[in-house]
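S.K.:
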Amino acid sequence: MRRARIVGFGSYLPARRLSNDELAGRIDTSDEWIRQRTGIRARHIAAEGETTSMIATRAAEAALAHAGLKPADIDLIVLATATPDYTFPAVATQVQANLGITHGAAFDLAAVCSGFVFALATAEKFVVSGSARRALVIGAETFSRILDWEDRTTCVLFGDGGGAVVIEGYEAAGTRADQGILTTHLRSDGRHREKLYVDGGPSSTMTTGHLRMEGREVFKHAVGMITDVIVDAFAATGYSAETIDWFVPHQANQRIITASAEKLGIAPEKVVLTVGEHGNTSAASIPLALDTAVKDGRIRPGHVVLIEAMGGGFTWGSALFRV
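In our numbering, the protein residues as written are 2 to 324.
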């Protein structure tokens, strides 16, 4: 059977690092308060004029370099973001232009923090069907632009950044020992909008709006929803908490990640955590964490990796692949 395998990883973080202590000088909070509730120590903030498309392009260039490929080798870009440069055109088309690609297709996908998982599942279908040879899958955000910096319950959580992977099709044996994406599972439930949303938009308020969140409600739903799609991934592949090599969750909050891993029986040493230095970068968080673990040597060829995320909407999903 035909599968899609990941052949390149890349990421980019804005230069400016905003620490908890610096935030505490602006709003009523402290390093201890933030760390205790979230595990976050710092986050990166885009510079003035540094847009989501710029961040996405840098991440894409890094992934292409890691894969040893040129932009001309790519014929599909699927980009996940909740913070586009413009209402339209799509950020993906701007990345396409920045890379000098003049063929194929490029489009954005909106699933907020679950965006990268949704984008990976979508691109995989194109590659497996033969509609595309190779695809760039990107998650990139400038969440600092939609935060209410007077709201300490949300502004301490989020950061900016981008991550990308390159996937390509190949003929596999059709077993769970194959390299590549072995299964994906996506869900959504629009009844939960008011628990995590942005209070603006072109059609409703004609403004950008700010992020609003009911933190306790999100936490309560997150662990159960995440468990659901991970159990499905294990059932579809025959892998388990004991037999995967790495768990790379959406980096929203260390408490959610820890609770989810414990409920699933995933050993702490298998969990990749980057939320401490990156904060919640929404659709960028999983590819950022993947690239970090690949570059530092934790994730290596042959390893089985489980990823999952939950985002506003609600949306949630999982994917399991062998590097």
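In this text, a Cβ means the ideal position worked out from N, Cα and C, and glycines have one as well.
Predicted model only: the values in this text are computed from it and were never measured.
Does DSSP put MET55 in a helix, a strand or coil?
M.R.: Position 54 of the sequence shown, counting from 1, holds the residue named residue 55. The answer is helix: DSSP assigns MET55 an H, G or I state.
S.K.: Could you give the uninterrupted runs of the beta strand (DSSP E) lying entirely in the segment 59-87, keeping only those of 3 residues or more?
M.R.: Qualifying beta strand (DSSP E) stretches, in chain order: 77-81.
S.K.: DSSP state of SER283, grouped into three classes?
M.R.: Here residue 283 refers to the residue found at position 282 when the sequence shown is read from its first residue. Of the three classes helix, strand and coil, the one that applies to SER283 here is helix, per DSSP.
S.K.: Hey, out of LEU19, SER204, MET311, ALA173, whose CA is closest to SER261's CA?
M.R.: For this step, residue 261 is matched to residue 260 along the sequence shown. Checked all of LEU19, SER204, MET311, ALA173; the closest Cα to SER261 is MET311.
S.K.: So, using beta-carbon positions, are ALA253 and ASN281 closer together than 8 Å?
M.R.: In the sequence shown, counting from the first residue as 1, residue 253 sits at position 252. In the sequence shown, counting from the first residue as 1, residue 281 sits at position 280. Going by C-beta atoms, ALA253 is nearer than 8 Å to ASN281.
S.K.: In the DSSP assignment, find the unbroken beta strand (DSSP E) run with ARG17 in it and report its ends.
M.R.: In the sequence shown, counting from the first residue as 1, residue 17 sits at position 16. Counting along the chain, the beta strand (DSSP E) containing ARG17 begins and ends at 17-20.
S.K.: Among the candidates GLY181, HIS222, ARG256, whose CA atom is the shortest distance from the CA of GLY314?
M.R.: Taking the first residue of the sequence shown as 1, we reach residue 314 at position 313. Selected option, being the one with the closest Cα: HIS222.
S.K.: Tell me, to the nearest whole angstrom, how far the beta carbon of LEU265 is from that of THR228; I am working on the premise that it is less than 8 Å.
M.R.: Looking up residue 265 in the sequence shown gives position 264. Looking up residue 228 in the sequence shown gives position 227. Right, their Cβ atoms sit about 6 Å apart.
S.K.: Taking the alpha carbon of SER20 as the point to measure from, which residue in GLY170, PHE322, THR53, ILE46 has its own alpha carbon closest?
M.R.: Position 19 of the sequence shown, counted from the start, is the residue given in the question as residue 20. Of GLY170, PHE322, THR53, ILE46, the residue nearest in Cα terms is ILE46.
S.K.: Going by C-alpha distance, which of ALA174, ASP152, ALA290 is nearest ALA60?
M.R.: Mapped onto the sequence shown, residue 60 falls at position 59. It is ALA290.
S.K.: Count the CB pairs spanning the segment 161-176 and the segment 188-195 that are closer than 8 Å, and state whether there are at least three.
M.R.: No, they do not touch.
S.K.: Taking the alpha-carbon of LEU148 as reference, which of TYR198, LEU121, HIS251 has the nearest alpha-carbon?
M.R.: Looking up residue 148 in the sequence shown gives position 147. When each option's Cα is compared against that of LEU148, the closest is TYR198.
S.K.: How far does the beta strand (DSSP E) with MET311 in it reach, from first residue to last?
M.R.: Position 310 of the sequence shown holds residue 311. Start and end: 305-312.
S.K.: Using a Cβ-Cβ cut-off of 8 Å (strictly less than) and excluding sequence neighbours within five positions of THR24, which residues of its own chain qualify?
M.R.: Stepping through the sequence shown from its first residue, residue 24 is reached at position 23. The identity of residue 24 in the sequence shown is Leu, whereas the question assumes Thr. THR30, ILE35, CYS156, VAL157.
S.K.: Apart from the five residues on each side of it in sequence, which residues of its chain come closer than 8 Å, Cβ to Cβ, to ALA48?
M.R.: Sequence index remark: in the sequence shown, residue 48 carries index 47 (1-based). Here the set comprises PRO15, ALA16, ARG17.
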